[in-house]
Amino acid sequence: MYLKGAQVFVQTPTSQTVAENSDIVLECYENPVGEIAFWLKDGKNIGYNLDRYQHYNWRGDRLAGDCSLVIIGAKAGRDNVKVLITAAEPSSSGTVKTEL
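Right under this line is the structure:
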């Protein structure tokens with residue numbers, strides 16, 4: 000999947016169904032590393048700094064290409080939404096939708 004310039008998602012998240020209060024890892028890796036990729040929830044960028052979302056965390060080192068998102072203690076009504084990972088300039092062929 001090609002995104003802005005030569006950026007490629009080498010692993011994209013898959014849809015998951017989990018029991019309430021379970022943790023979810025939405026695995027995503029990009030190449031080349033250091034390009035701008037971000038997560039959207041309900042159409043809004045959740046941002047680089049996840050301090051305002053205590054139930055979201057980055058799983059790994061984003062500077063090394065790991066842009067995986069962890070949802071801690073998933074709750075019905077809060078986390079059963081469409082989540083999107085995209086490049087800085089999204090296109091219809093450059094987005095991945097994941098429903099929780």
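Residue 37 in numbering that gives the first Met the number 0 sits at position 38 of the sequence shown, with consecutive numbering throughout. We put the beta carbon where it would ideally sit given N, CA and C, even for glycine. Just so it is clear, the structure is predicted and the values come from calculations on it, not from any experiment.
Contact set for residue i: own chain, Cβ-Cβ below 8 Å, skip 5 residues either direction
i	result
ILE23	GLN15, VAL17, VAL69, ILE70, ALA73, ASP78, LEU99
ARG58	VAL24, GLU26, ASP65, SER67, LEU68, VAL69
LEU49	TYR55, ASN56, TRP57
ARG51	none
Inter-residue CB distance, residue i and residue j (contact presumed, cutoff 8 Å)
i	j	result
ALA75	GLU19	6 Å
GLN53	TYR28	Incorrect: roughly 25 Å between the Cβ atoms, too far for contact.
Per-residue burial, residue i [other beta carbons within 10 Å of its own, 16 or more giving buried]
i	result
SER67	buried
Under the three-state DSSP convention, the category residue i falls into
i	result
LYS62	In the sequence as displayed, the identity of residue 62 is Leu instead of Lys. Helix at LEU62.
VAL24	strand
GLN10	strand
ASN79	coil
GLU19	coil
SER91	With a pLDDT of 36 at SER91, under the threshold of 50, the modelled position of this residue cannot be trusted, and the question is left open.
Cutoff 6 Å; reference residue i; Cβ partners in own chain excluding five residues on either side
i	result
PHE37	ASN44
Same chain, Cβ closer than 7 Å to residue i, five either side skipped, listed in chain order
i	result
ASN30	VAL7, VAL9, GLY64
SER21	ALA73
GLY46	none
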